[in-house]
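Residue 162 is where the sequence shown ends in our numbering, and the numbering goes up by one at each step. Structure first, commentary second.
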Amino acid sequence: MRKKDDTFKWELSELSDLASFSDDFRSYCEEKKLDEGKIFELELSMEELIVNSFTHGYQEGGKEGTVIVEVEDTGPDVRISLRDQAPPFDLVRDAPAPRLGGEDPKPEPGQEPEPVLDPESEPEPKQEKVGGLGIHLVKSLNDRVEYYGSQDGNIVIIIKSKE
């Protein structure tokens, strides 16, 4: 939906809306003469944040909701705002450090594991928490990422220079 000349707004009511959103988002970026590399980085960022809202914010909590995305060409930058009604999650502050899994986590000082003397009594391996890579990408690929949240939901602002 076009609000004014330089701003577009989309409301995604389910994850399956992502494909049509991506097509419209790409068309908008091409119309604004964004570099192909920047379009790719923004698409990747949008996809990650939208999928996280639906998967972690809504589905895991047994909730339904929408994700509203507003994109504005400010001249030197592209400013993107994503809003949801999911439980608060500050991706700028609270996102886990990126982990692929299979990595040997470094123990805290004084928390080194005891050597196993009897291989029959070796404890079961802990399930590793894998994740944080998408949020890491969002933060890395953009010039600025801001978060504003409350009990009513989350707002993530992404700013990317067009230059």
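Backbone N, C-alpha and C define an ideal beta-carbon position, used for all residues, glycine too.
Residue environment for K159: buried (at least 16 other C-beta atoms within 10 angstroms of its C-beta). DSSP lists I154 as the bridge partner or partners of Y147.
Take the alpha-carbon of D34 and the one of V77: they are about 12 Å apart. Counting the other CB atoms within 10 Å of its CB gives G152 a total of 16 or more, which places it among the buried residues.
With a cutoff of 9 Å on beta-carbon distance, I134 and L81 are scored as not near each other. Following the DSSP letters along the chain, one finds E30 in no beta strand (DSSP E) but inside the alpha helix (DSSP H) bounded by residues 17 to 30.
With 16 or more other Cβ atoms from the protein chains shown falling within 10 Å of its own Cβ, G56 counts as buried. T54 sits in a helix when the DSSP states are folded into three classes. Under the DSSP assignment, L14 falls outside any alpha helix (DSSP H); it carries neither an H nor an E label. Around the beta carbon of D142, fewer than 16 other beta carbons sit within 10 angstroms, so the residue counts as exposed. Using a 10 angstroms sphere on the CB of A96, the tally of other CB atoms stays under 16, which defines it as exposed. For S21, same chain residues with a beta-carbon under 8 Å away, outside a window of 5 residues either side, are E42, M45, E46 in chain order.
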